[in-house]
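One structure is given below, encoded as structure tokens.
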Amino acid sequence: MDADVIVVGAGLAGLAACHELVTGGQRVIVVDQEAAGNLGGQAFWSFGGLFLVDSPEQRRLGVRDSLDLAWRDWQGSAGWDRLDGPGAEDEWAARWGRAYVEFAAGEKRSWLRQLGVKLTPMVGWAERGGGTAFGHGNSVPRFHVAWGTGTGVSEPFADRARDAAKQNRLTFHHRHRVDQLLVEGGRVVGVSGAVLAPDDAPRGAPTNRTVIGDFTLKAPAVILATGGIGGNHELVRRYWPERLGAPPREMITGVPAYVDGRMLDIAAEAGARLVNRDRMWHYVEGVRNWAPIWPRHAIRILPGPSPLWFDALGRRLPHPALPGYDTMATLKHLRTTPDLAAYDHSWFIVTETMLAKEFALSGSEQNADITNRNLLGVLRSRLGKGAPKEVAAFRDKGADFAVADDLEMLVAKMNGLTEQPLLDPALIRRQIEDRDAQMDNPYAKDVQVQGIHNSRRYKGDRWARTSVPHKVLDPQAGPLIGVKLHVLTRKSLGGLQTDLSSRVLTPDGAVLEGLYAAGEAAGFGGGGLHGYNALEGTFLGGCIFSGRAAGRALSGRN
């Protein structure tokens, strides 16, 4: 045997497993098809959001949260409906969901702090839901952001792996692509595959797939932490669910190209069970990156509650398809409304005032103030006047942005961003004027305007994420900005079915001895701990939690 455990994948889930394995005295090999510069995987590029329950940060902002409330929200969002019969796809998913919410309400924060992950004082209110008490959505703000954004979460684990390598307790095999799981006597005993040519491409950029050799490595256990399918549009389309209509003809991509999903089918060939492959999480507020790193590189706008959202034909979206409320409901509306199926885009119309305070961008590189842990910079960019510099750069350079001083000129520019002019300026004006008529009082019948006033009652949103309620056509709030929005591929919510020790199961429900899975490859645990919806801040945490479970199980410490 070459090691006690082989970890396939050097992203956050794999690194979390490595931390536990090394701490438990195991000899570890890490195999990854990318170079050392990509250590940390997708997590490095993330905003660094972490789902926590009843945290000190929440309490300081006046948020009352509890395990009971969070679990009600989680169940309402997950909507697990594959629980009956032998081999139910959601059997382990629901157990993982409960265990994860308990972790988020328990030791998650203190454990991460011990590892060097620190949090900013602000807590965001993501996925506010569909408007019912028991249904999708966060009842309260739970989206905590790490100092350092994604790097502040991934690098503490990466640093520990690097230190373990210096101490000869862990060995990296970069540029090694696993093509097969080795099975002997019904047990996974190792991996084999191709050695790829060296490549010094920048982090996140595509690398070559030139084969210069082969390899075989053996160990009593293998952990798959190889991510999902978000970078592989062919697989996204293959498993796109009928309930979401037809997939868009054109999508943009929120993850590097190496997030290709290839290990999932390789695991299935070795006897593993894949479940809930039709569950996926794609954003509808994607814009093309004006400085792309990977193919079709997309950035997601994380909007506050005020932007006006219009479909491709210029009609305001209905509740709950509102900014920051219900991602899947919005995607479903845009893809299943009959006269919208031919179009792949929608629109935000905002004022400069809204953009400056309510537009945040996903990604560590899009939030230099937080990534560099510059408190003064955060105060200036988030609480001061004017848009953060990264947001302003997209406004000025982004291919999906149009700016004008009056509405008719704005609509003309927006029509110039599509193959044919679909927007009627008179229709747009009428809807905006109707909305603006709701702004003279601190209450309204318009559901979105109600949400703006509700948001302002929360200190965190009032200070940093929700602009003072105002009329879109107020010249003092201008200029006006139109943003063409695309579907941005991101996460797989299904994957390899695992028990609570991260052991991979077979189609008949037995344990596939020697094989473990963590992170997105395991649907973040059990093959789908999120169910149909995510509450946000749960992807990094799901990688950490499932990787930790795998490492602890193999170290005898679970």
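Just add 58 to the spot in the sequence shown (first one is 1) and you have the numbering used here. Glycine residues also receive a C-beta, built at the ideal position from the N, C-alpha and C atoms.
(request) For the beta strand (DSSP E) containing A252, list its first residue and its last residue. (result) 245-254
(request) Please go through the region 398-436 and give each complete beta strand (DSSP E) segment of 3 or more residues, from N-terminal end onward. (result) 403-409, 417-419
(message) Taking contact to mean 3 or more Cβ pairs, one atom from each stretch, closer than 8 Å, check whether the region 377-386 and the region 560-573 are in contact.
(response) no
(message) Could you compute how far the alpha carbon of A607 sits from the alpha carbon of K471?
(response) 52 Å
(message) Tell me the rounded alpha-carbon separation between A89 and G609.
(response) Residue identity differs from the one stated: residue 89 is Val in this sequence, not Ala. Approximately 16 Å, taken between the alpha carbons.
(request) Assign L475 to one of three DSSP states: helix, strand, or coil. (result) coil
(message) On the DSSP bridge list, what partners appear for L108?
(response) H202
(request) Give the DSSP-derived three-state secondary structure of W352 in the structure shown. (result) coil
(request) Report back the beta-carbon spacing between G134 and G67 to the nearest angstrom; my notes put them in contact at under 8 Å. (result) G134 to G67, Cβ: 32 Å. No contact.
(request) Answer yes or no: do A151 and G586 have a C-beta to C-beta separation smaller than 7 Å? (result) yes
(request) Please check the pair V649 and I64, which I expect to be a contact at CB under 8 Å, by giving their CB distance rounded to whole angstroms. (result) Since the first residue shown for the chain is 59 and the last is 616, residue 649 is missing from the structure and cannot be characterised.
(request) Return the residue from the list D148, M467, L554, Q555 that minimises the CA-CA distance to L670. (result) This structure gives no information on residue 670, because the portion of the chain shown stretches from 59 to 616.
(request) Using the Cα positions of L282 and A580, report the straight-line distance between them to the nearest angstrom. (result) 8 Å
(message) Suppose you measure from the CA of F368 to the CA of L380; what does that come to, to the nearest Å?
(response) 10 Å
(message) Quick check on the burial criterion: 16 or more other C-beta atoms within 10 angstroms. Buried or exposed for R118?
(response) exposed
(request) Using the Cα positions of A457 and P350, report the straight-line distance between them to the nearest angstrom. (result) 12 Å
(request) Work out the CA separation of F452 and E78 for me, nearest whole Å. (result) 41 Å
(request) Whole angstroms is fine: what's the gap from A568's alpha carbon to A575's? (result) 15 Å
(request) With distances taken Cα to Cα, identify the nearest neighbour of D237 among T178, G248, L437. (result) G248
(message) Check whether the region 512-519 and the region 491-499 touch, using three or more Cβ-Cβ pairs below 8 Å as the test.
(response) no
(request) Identify the continuous alpha helix (DSSP H) that holds Q172 and give its terminal residues. (result) 166-172
(message) Suppose you measure from the CA of P199 to the CA of T274; what does that come to, to the nearest Å?
(response) 48 Å
(message) Classify A370: buried if its beta carbon has 16 or more other beta carbons within 10 angstroms, exposed otherwise.
(response) buried
(message) Alpha carbons only, please: which of E92, Q478, S604, V80 is nearest the one belonging to H234?
(response) E92
(request) Take G329 and list the residues in its own chain whose beta-carbon comes closer than 6 Å to its own, dropping the five residues that flank it on each side. (result) T564, L570
(request) Below 8 Å on the Cβ atoms is my guess for V507 versus M497; work out the distance and round it to an integer in Å. (result) 7 Å
(request) Pick out whichever of F406, P446, Y401 has its Cα sitting closest to the Cα of L419. (result) P446
(message) Taking its Cβ as the centre, do 16 or more other Cβ atoms sit within 10 Å of E308, making it buried, or is it exposed?
(response) exposed
(message) If the criterion is Cβ atoms closer than 7 Å, does the pair Q100 and G120 meet it?
(response) no
(request) Could you have a look at L612 and say whether DSSP puts it in helix, strand or coil? (result) helix
(request) Determine the closest residue to S104 out of V526, Q84, G262, with distance taken between C-alpha atoms. (result) G262
(request) Using alpha carbons as the reference points, say which of P144, S604, E115, A222 lies closest to K176. (result) E115
(message) On the CB-based measure, 16 or more other CB atoms within 10 Å of its CB, does R374 come out buried or exposed?
(response) buried
(message) Please classify R393 as buried or exposed, where buried requires at least 16 other C-beta atoms within 10 Å of its C-beta.
(response) buried
(message) Can you list, in chain order, the residues of its chain with a C-beta nearer than 6 Å to that of I602? Leave out the 5 residues immediately preceding and following it.
(response) A74
(message) Starting from Y516, trace the alpha helix (DSSP H) in both directions and tell me its first and last residue.
(response) Here Y516 belongs to no alpha helix (DSSP H), and DSSP marks it neither H nor E.
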